[in-house]
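**Q** The following block contains the structure, expressed as structure tokens.
In our numbering, the protein residues as written are 572 to 750.
So, in structure tokens, the structure goes:
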């Protein structure tokens, strides 16, 4: 019966110091849990993992809207850079054609002439120019750079290759002596 009196406001048998310690312990635990919960929510809002409860989620400054806006800007910038890149490629090709085109053309003509002369020296007569079906001048370059050298090496083509290498070496030696 004494337990019932204590529960309903009757006389208490507990020491007042012990009772106040228990009340303080319960209160401090409750208040600390509330503070921790509030600090945790603030931290999540700060790092952008939780929307702020004060501002609407569709606000223009919300992280989600900022990200989508930034993505749209990136797509536009990438498209602009791609256009500039393609224009630059065209301009560079045109500049190369203007600057190096004549040199390339002259080198190719020299190679074709050289092929005609080498073939004449080897066979005793000028060869027929390859037809378009055979590949035209491209066939000359294929036979000259690929298959033709292998066949020419068996017939003394090695000497010509060595002469070319000696010429390059002579040029290097002249440059070194000139220094």
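Idealized CB from N, CA, C, for every residue including glycine.
1. Our contact map puts residue 603 next to residue 612 with C-beta atoms below 8 Å; I'd like the distance itself, whole angstroms only.
2. Where do the N-terminal and C-terminal ends of the alpha helix (DSSP H) with residue 609 fall, by residue?
3. Work out the CA separation of residue 666 and residue 673 for me, nearest whole Å.
4. Run through DSSP, which three-state label would residue 700 get?
5. What's the C-alpha gap between residue 641 and residue 651?
6. Go through its chain and collect everything with a Cβ distance to residue 683's Cβ below 8 Å, but skip five positions before and after it.
7. Looking only at its chain, what residues have a beta carbon closer than 8 Å to the beta carbon of residue 591, apart from the 5 residues adjacent to it on each side?
8. Beta-carbon separation of residue 616 and residue 605 under 8 Å?
9. Is residue 584 helix, strand or coil when you go by DSSP?
10. Report all residues from its chain with a CB closer than 8 Å to the CB of residue 798; omit the five preceding and five following residues, and keep chain order.
**A** In short, the structure shows the following:
1. Not a contact, Cβ separation roughly 15 Å.
2. 587 to 617
3. 12 Å
4. coil
5. 15 Å
6. 708, 711
7. none
8. no
9. coil
10. Nothing about residue 798 can be read from this structure; the chain reaches only from 572 to 750.
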